[in-house]
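In this note's numbering, the protein residues as written are 6 to 294.
Quick reminder that beta carbons are idealized off the backbone N, C-alpha and C, glycines included.
No experiment lies behind these values; they were computed from the predicted model shown.
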């Protein structure tokens, strides 16, 4: 099975050739570096690399999380547009539909994080995006309360894997001291979704009556189709091994290899282990966050 982390391969790339195992300081090589020491990266060159990584990966990560949050919260917009009356849902039933999303969200979040350990990011993230997008589209065809419950449960199960998967992917790209800023961008997306979600829904509701469908149905369909378009962007834009991204030149790939080895020093083994899973399940922080 493929491993999601390039650390082991990077370690071989950095340490395998003793002749080239030298320090990169201020843009030139020093052949006097100890055999066991890691190469040092030129701060200016590494800063330029980070800018390049941010330009390539951060917009995609933010776009994915933004569409996810729009699909999650659009139920509030369709409520005022007449969905409860159309499907015969009372206030209590509709409130249950809103809350039931988090039942599968909480239940499936740990399993998705485990699966991310041995599934490739490209397959997992793209698959989740496709399923929750189709679920959102088909939510526009709901005719009863049972259908709404089912859609919310599926949506919660799929979106549960997104946040841990994106966070884990960021650890494959950035070092520990660089990750906080990039993770914060995900929370920015929630604010953006809250600000734009209502405005977007208002515009889509203008389609009320088009093709014989109510405006609230078009909210689901349009936003679901938009999310579906993001799936190929994930597939082509988030490679399984960020150190081999198409936009990196040879020098930058070598720097990514060094950074992967540096990250491996505090990330532990890349191998899947049920013992590690058991340790994680015993950690109270998993349940009280």
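Taking its Cβ as the centre, do 16 or more other Cβ atoms sit within 10 Å of residue i, making it buried, or is it exposed?
| i | result |
| --- | --- |
| residue 215 | exposed |
| residue 148 | exposed |
| residue 100 | exposed |
| residue 320 | No information on residue 320 is available, as it lies outside the stretch 6 to 294 that the chain covers here. |
| residue 286 | exposed |
| residue 52 | exposed |
Assuming residue i and residue j are in contact, meaning their beta carbons sit under 8 Å apart, how far apart are those beta carbons, in whole angstroms?
| i | j | result |
| --- | --- | --- |
| residue 105 | residue 158 | 6 Å |
| residue 81 | residue 150 | That pair is no contact at about 17 Å. |
| residue 236 | residue 131 | 5 Å |
| residue 109 | residue 162 | 4 Å |
| residue 263 | residue 44 | 5 Å |
| residue 201 | residue 171 | The Cβ separation is near 20 Å, so there is no contact. |
| residue 284 | residue 134 | Not confirmed; about 30 Å, so no contact. |
Spatial neighbours of residue i within its chain, please: C-beta separation below 6 Å, excluding the five flanking residues on both sides.
| i | result |
| --- | --- |
| residue 73 | 164 and 167 |
| residue 83 | 221 and 224 |
| residue 175 | 184 and 187 |
| residue 281 | none |
| residue 86 | 210, 220 and 221 |
| residue 98 | 150 |
| residue 247 | 177 and 178 |
| residue 242 | 65 |
Tell me which same chain residues have a C-beta within less than 7 Å of the C-beta of residue i, skipping the five on either side of it?
| i | result |
| --- | --- |
| residue 228 | 75, 76, 79 and 141 |
| residue 54 | 257 and 260 |
For residue i, collect the residues of the same chain with a Cβ closer than 8 Å to its Cβ; drop the 5 residues on either side in sequence, then sort them by chain order.
| i | result |
| --- | --- |
| residue 290 | none |
| residue 193 | 67 |
**OP:** Determine contact between the region 227-236 and the region 111-125, defined as no fewer than three beta-carbon pairs at a distance below 8 Å.
**Re:** Taking 8 Å as the limit for Cβ pairs, the verdict is that the region 111-125 does not touch the region 227-236.
**OP:** Count the C-beta pairs between the region 117-127 and the region 62-73 that are closer than 8 Å, then say yes if the count reaches three, no if not.
**Re:** Between the region 117-127 and the region 62-73 there are fewer than three inter-stretch CB-CB distances shorter than 8 Å, so the stretches are not counted as touching.
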